[in-house]
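Top to bottom, those sequences are chains X and F. For the first sequence, the working numbering assigns the number 1 to the initial residue and increments by one for each residue that follows. For the second sequence, the working numbering assigns the number 1001 to the initial residue and increments by one for each residue that follows. Structure record follows, encoded as structure tokens.
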Amino acid sequence: MAVAALITWLITAVGGFVMLGLWISRGGHRPDSGTRLAPGLVFSHVGLAVIGLVVWIVYLAVDKTALAWIAFVLLLPVAALGFTMLARWIPARRTGTAESRFPVPVVIGHGLFAATTLVLVLLAALGVGGR
Amino acid sequence: MRPMEQAKRPVTALAGWYGHPLHPALVAVPIGAWIASLVFDIGSHLVHEPGFLTQGSRWLIGLGVVGAVLAALFGFLDLFAIPTGTTVFRIGLVHMTINLAVTVAYAIGFVIRGGPAGGPVGWGPLALSVVALAALGVSGYLGGELAYHYGVRVADEATQERGYETTTAKEAKERI
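This is the structure we're talking about:
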């Protein structure tokens, strides 16, 4: 379960970095870009997710249940920020801002893999289904 | 906004507000921990029962890696503030690359030092730390160049000048 969560987490991260790269390359993080995804939202989402992923890798290495719970708790604000950005992105699709041309499959895939990761992390923390 | 002014402003308040960047504050953690770790490494070859220094050194490396990852997250924010295609951005990229390599080297050092340690630190892990710390010195120099030479995330001169006004000059200004 923990290894499965690592795999879905990494796939989620790839999708996230694709969107982050597109957003930054189109200047979404500049003060005058008119982006609907505030830089604070984007970077706290990425930062907490990266910290969570590092905690998860350490959990896989040392197998302490407390670490799995820390990773799960870290993922809750990550998910909340992600849903906030999704809600802001949907109406922004026709505005021509940095995020308006995110490929829809990447957005949907990122969300689905993220939700799967959250469930797998919770199951692993609860000790369901072994490693 | 002028390119230089852009590099002075935080991309988001998360990076620390104007004139108070968080990245340079956080880098003190890995730099301090890793220097102390090397001192412990050398110390472990000088004392009679070196186990505590060997173990302490590994803890310091781990602390440094955690601190470096955190510092890196804030460093990326400051890198994104710099306009691309400029000399400053290229220096920023080199600074980032060396630091990431140094962090990986210390993470490897942490792993290869695993297991029960009663004796002094081995020469292999010690050499790895020396090389990594030397590289950290180079990237630290570049970080200093970014801040003190090119003023990345440093408040502009008009803001700085306000700190040098004497009270009498301020009062005179207010009277006018």
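All C-beta atoms, glycine included, are put in the ideal place defined by N, C-alpha and C.
Against chain X, the CB of residue 1089/F has no partner CB under 8 angstroms away; the residue lies outside that interface. Nearest to residue 56/X by C-alpha distance, out of 112/X, 9/X, 119/X and 113/X, is 9/X. Sequence-distant partners of residue 1106/F (beyond 5 residues in either direction) whose C-beta falls short of 7 angstroms from its own C-beta, in its chain, are 1034, 1061, 1064, 1065 and 1132.
Inter-residue distance for residue 67/X and residue 58/X is about 8 angstroms (C-alpha atoms, whole angstroms). Excluding the 5 residues flanking it on each side, residue 1088/F has same chain C-beta neighbours closer than 8 angstroms at 1007, 1082, 1146, 1150 and 1152, in chain order.
Residue 1050/F and residue 1129/F have their C-alpha atoms some 18 angstroms from each other.
Only buried fits residue 110/X, as 16 or more other CB atoms lie within 10 angstroms of its CB.
Nearest to residue 23/X by alpha-carbon distance, out of 107/X, 122/X, 126/X and 114/X, is 107/X. The shortest C-alpha to C-alpha distance from residue 1160/F to any of 1019/F, 1173/F, 1091/F and 1077/F is the one to 1019/F. Taking all protein chains shown into account, residue 1021/F has 16 or more neighbouring C-beta atoms within 10 Å of its C-beta and is therefore buried. The beta carbon of residue 100/X sits closer than 8 angstroms to those of 92, 93 and 94, all from its chain and outside the five residues before and after it, given in chain order.
Secondary structure of residue 63/X (DSSP, three-state): coil. With 16 or more other Cβ atoms from the protein chains shown falling within 10 Å of its own Cβ, residue 50/X counts as buried.
Residue 29/X reaches chain F at 1011, 1012, 1077, 1080 and 1081, counting residues in chain order whose Cβ is nearer than 9 angstroms. If one requires a minimum length of 4 residues, no alpha helix (DSSP H) run lies completely within the stretch 1036-1065 of chain F. In this structure, residue 113/X sits near residue 15/X, with a CB-CB distance shorter than 8 angstroms. Here residue 1126/F has 1041 as same chain residues with Cβ atoms under 7 angstroms from its own Cβ, once five neighbours each way along the sequence are excluded.
In this structure, residue 1079/F sits away from residue 1026/F, with a CB-CB distance that is not shorter than 8 angstroms.
With fewer than 16 other CB atoms across the displayed protein chains lying within 10 angstroms of its CB, residue 25/X is exposed.
Residue environment analysis places residue 131/X among the exposed positions, since fewer than 16 neighbouring C-beta atoms fall within 10 angstroms of its C-beta. Residues of chain F with a Cβ closer than 7 angstroms to the Cβ of residue 100/X do not exist, since the nearest Cβ in that chain sits about 20 angstroms away.
Separation of the CB atoms of residue 1012/F and residue 1077/F is rounded to 7 angstroms, and the pair is thereby assigned contact status at 8 angstroms. In this structure residue 13/X touches residue 53/X by the C-beta definition: roughly 7 angstroms separates them, less than 8 angstroms. The C-beta distance from residue 77/X to residue 37/X rounds to 16 angstroms, too long to meet the 8 angstroms contact threshold. Residue 98/X sits close to residue 28/X, with the two beta carbons spaced by under 8 angstroms. Contact between residue 75/X and residue 121/X holds, since their C-beta atoms are separated by about 6 angstroms, short of 8 angstroms.
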